[in-house]
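Colleague: Protein chains in written order, with our numbering: chain Z, 1 to 113; chain Y, 1001 to 1113.
No residue lacks a Cβ here, since even glycine has one placed at the ideal position from N, Cα and C.
Right, I'll just put the structure down here and ask away after.
Number of protein chains: 2
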Amino acid sequence: MADVDNRDAIRQYVALLGQPEVEQLVDLFADDATVEDPVGSELRVGREALLEFYGTLPDMVDRAEISGPMGGTDTEIAFNFTVHATGGLEMQIIDVMAFDDDGKITSMRAFWG
Amino acid sequence: MADVDNRDAIRQYVALLGQPEVEQLVDLFADDATVEDPVGSELRVGREALLEFYGTLPDMVDRAEISGPMGGTDTEIAFNFTVHATGGLEMQIIDVMAFDDDGKITSMRAFWG
C-alpha cells in the first residue's frame, strides 16, 4: 500500500474519461466496484457494468480535467473535475472515491446536478 | 419537503462556521446527526457532541465561504468551501451532507488534507 498513490489513480481516471481506452479506465477499479453516477441513481456493480457505462462516454465526452481541490484520506478521496461534453457543454462534478489496499477504486459516487 | 431548500441550509452553515452563533449553527442539524471531520476520524454524534465541536471553531476560524460547485440530489449534496483561519491560513474543504425530510442535516463528512 505504501507505494500506491491513489491521487495519481484519480488523475489517470480523469484523463481517461471519454477517451477510447475504456478497458484501461475500468482497470483502475476493483472487480466488484460500485459506481453511483449520479448520486441517487441505481448502483452499477462489477467490471461488465462499468465497461458498459464508461463505454458510452466517448460519444458524449470530449475530455475531462481536474478543476479544483482534492481532499480526504489515503483511501477515501473527494475531488472536483470538469467534463467537456462533445457539444461544448461543461459540467462541474464532485466525485467521492474509495480505494482498496491495492490502490483499486472500490466505489465512485458522482455529485452533480 | 417541497418548501425546503437544502442548498440554502448549506449556505447558512458555511456563513455561520466560526461565528459565535454556535447554537444557531447546530440547529441546522437533526438531533441524532453525525459529523465526520475529517473523513476517517471518529464520528461525533448528537447535539451535545456537535455543540462541543463547533464551539471550538470561533477561536480558530475567522470566516468561511462557498468556493466552488455544489452538486447532488435534494437530500445528499457535496460542496466546496474555503475556511479562513484566524492565523491567515486558508483551507479548501469538500463537504458531503445528507438531509432528512425536514431539511435538517443528518450527516456531514469533511474531505480535506
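Under a three-way DSSP split, which group does Gln1019/Y fall into?
Modeller: On the second sequence, residue 1019/Y is found 19 positions in, with the first residue counted as 1. Coil at Gln1019/Y, not helix or strand.
Colleague: Three-state secondary structure (DSSP) at Pro122/Z?
Modeller: One cannot answer for residue 122/Z here, as it falls past the ends of chain Z, which runs 1 to 113.
Colleague: Can you pull the chain Y neighbours of Glu42/Z, defined as C-beta to C-beta under 8 angstroms?
Modeller: By one-based count along the first sequence, residue 42/Z stands at place 42. The contacting residues do not exist; Glu42/Z stays about 13 angstroms from chain Y at best.
Colleague: Can you tell which of Gly72/Z, Asp101/Z, Gly103/Z has the C-alpha that lies nearest to the C-alpha of Ile94/Z?
Modeller: Reading the first sequence from its first residue, position 94 is the one you call residue 94/Z. The option with the nearest alpha carbon to Ile94/Z is Gly72/Z.
Colleague: Would you say Phe1111/Y reaches chain Z, if we count a Cβ-Cβ gap shorter than 8 angstroms as a contact?
Modeller: Position 111 of the second sequence, counted from the first residue, corresponds to residue 1111/Y. Closer than 8 angstroms to some Cβ of chain Z, the Cβ of Phe1111/Y qualifies, so yes.
Colleague: Going by DSSP in three states, Asp1100/Y sits in which element: helix, strand or coil?
Modeller: Here residue 1100/Y corresponds to residue number 100 of the second sequence, with the count starting at 1. Here Asp1100/Y sits in coil by DSSP.
Colleague: Which two residues bound the contiguous beta strand (DSSP E) that contains Gly1072/Y?
Modeller: Along the second sequence, one-based indexing puts residue 1072/Y at 72. Note, Gly1072/Y: beta strand (DSSP E), 1061 to 1072.
Colleague: Note down, in chain order, every chain Y residue with its Cβ under 7 angstroms from the Cβ of Pro20/Z.
Modeller: On the first sequence, residue 20/Z is found 20 positions in, with the first residue counted as 1. Within 7 angstroms Cβ-Cβ: nothing; Pro20/Z doesn't reach chain Y, min ~27 angstroms.
Colleague: Mind checking if Gly1071/Y is an interface residue toward chain Z, Cβ cutoff 8 angstroms exclusive?
Modeller: Locating residue 1071/Y in the second sequence gives position 71, counting from the first residue. Answer yes: the Cβ-Cβ gap between Gly1071/Y and chain Z drops below 8 angstroms somewhere.
Colleague: According to the Cβ coordinates, are Ile1077/Y and Ala1030/Y closer than 8 angstroms?
Modeller: As a working mapping, residue 1077/Y is identified with position 77 in the second sequence. As a working mapping, residue 1030/Y is identified with position 30 in the second sequence. No, the Cβ-Cβ distance between Ile1077/Y and Ala1030/Y is not below 8 angstroms.
Colleague: Can you pull the chain Y residues whose beta carbon is under 7 angstroms from the beta carbon of Val39/Z, in chain order?
Modeller: The residue given as residue 39/Z occupies position 39 in the first sequence. What Val39/Z touches in chain Y: Gly1072, Thr1073, Glu1076.
Colleague: Using only alpha-carbon positions, find the residue among Leu28/Z, Gln24/Z, Glu21/Z, Pro20/Z that is nearest to Asn6/Z.
Modeller: Residue mapping note: residue 6/Z aligns to position 6 of the first sequence, counting from 1. Residue Leu28/Z is the option with its Cα nearest to Asn6/Z.
Colleague: Hey, could you find the ends of the alpha helix (DSSP H) Gly55/Z is sitting in?
Modeller: By 1-based counting over the first sequence, the position of residue 55/Z is 55. 47 to 55 is the extent of the alpha helix (DSSP H) around Gly55/Z.
Colleague: At the level of alpha carbons, what is the spacing between Ala110/Z and Glu21/Z?
Modeller: Residue mapping note: residue 110/Z aligns to position 110 of the first sequence, counting from 1. Residue mapping note: residue 21/Z aligns to position 21 of the first sequence, counting from 1. Roughly 21 angstroms separates the two Cα atoms.
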